[in-house]
Each structure stands twice: as structure tokens, then as C-alpha cells.
Amino acid sequence: TLFSQNAVPATWNQIQVTQLLSGLNQQLEQGEKCRRQDVEWEQPSLGSENAKLALKSYFQGINQYLQRTGYHH
Numbered sequence: 001t002l003f004s005q006n007a008v009p010a011t012w013n014q015i016q017v018t019q020l021l022s023g024l025n026q027q028l029e030q031g032e033k034c035r036r037q038d039v040e041w042e043q044p045s046l047g048s049e050n051a052k053l054a055l056k057s058y059f060q061g062i063n064q065y066l067q068r069t070g071y072h073h
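According to full-length UniProt numbering, the stretch in the sequence shown is residues 1 to 73, in order.
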């Protein structure tokens, strides 16, 4: 795993680890909201448009988080 590859635990900045875990938790919660939407993707409807917007927002949130924390390439 990421945390066990050639890294001494003391080398991890606890603030950064906490921020990373917090951000991942937020993304997990947003992903769960998207998953819970019961939508037929094949048939265009207001519900499917809302789901598409929710997914777009979810991935934009991931991108913004990665940019803020310096993990984005």
C-alpha cells in the first residue's frame, strides 16, 4: 500500500495526512450520493441530467482538491 512502501511513519506530515484523509472522505461521501441516485442512464430525463451533473461535480471536486493539495500533475 501507499503507506507501507519504503517510508518511515515519522516522515509523514500528520497535517497533510489528515487533510488527505479528510478530502478522500468527502469524495467518498459525494460518490455515495451519486451512487444512490436511481437513474436510467439510457433514457434522457431530468433525473439523468441531475445525475450527470452530480458526477461532473464529483470529479471536479476531486480535481480541485488535488490542485489545492499539490497532488495534481
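Think of the CB as a built atom: it goes at the ideal place given N, C-alpha and C, for glycine as much as any other residue. This one's a predicted model, so the numbers in the text were calculated from it and none came from an experiment.
Please confirm whether residue i and residue j have their CB atoms less than 8 Å apart.
{"i": "Tyr65", "j": "Gly23", "result": "yes"}
{"i": "Gln26", "j": "Thr69", "result": "no"}
Here's a check: name, in chain order, each residue in its chain whose Cβ is nearer than 8 Å to the Cβ of residue i, leaving out the five neighbours to either side.
{"i": "Cys34", "result": "Ala51, Ala54, Leu55, Tyr58"}
Within a Cβ cutoff of 6 Å, which residues of the same chain sit near residue i, ignoring the five residues on either side of it in sequence?
{"i": "Ile62", "result": "Gln27"}
{"i": "Thr1", "result": "Residue placement at Thr1 cannot be trusted, given a pLDDT of 48 that sits under 50; what the coordinates show is reported in the next sentence. None."}
{"i": "Tyr71", "result": "none"}
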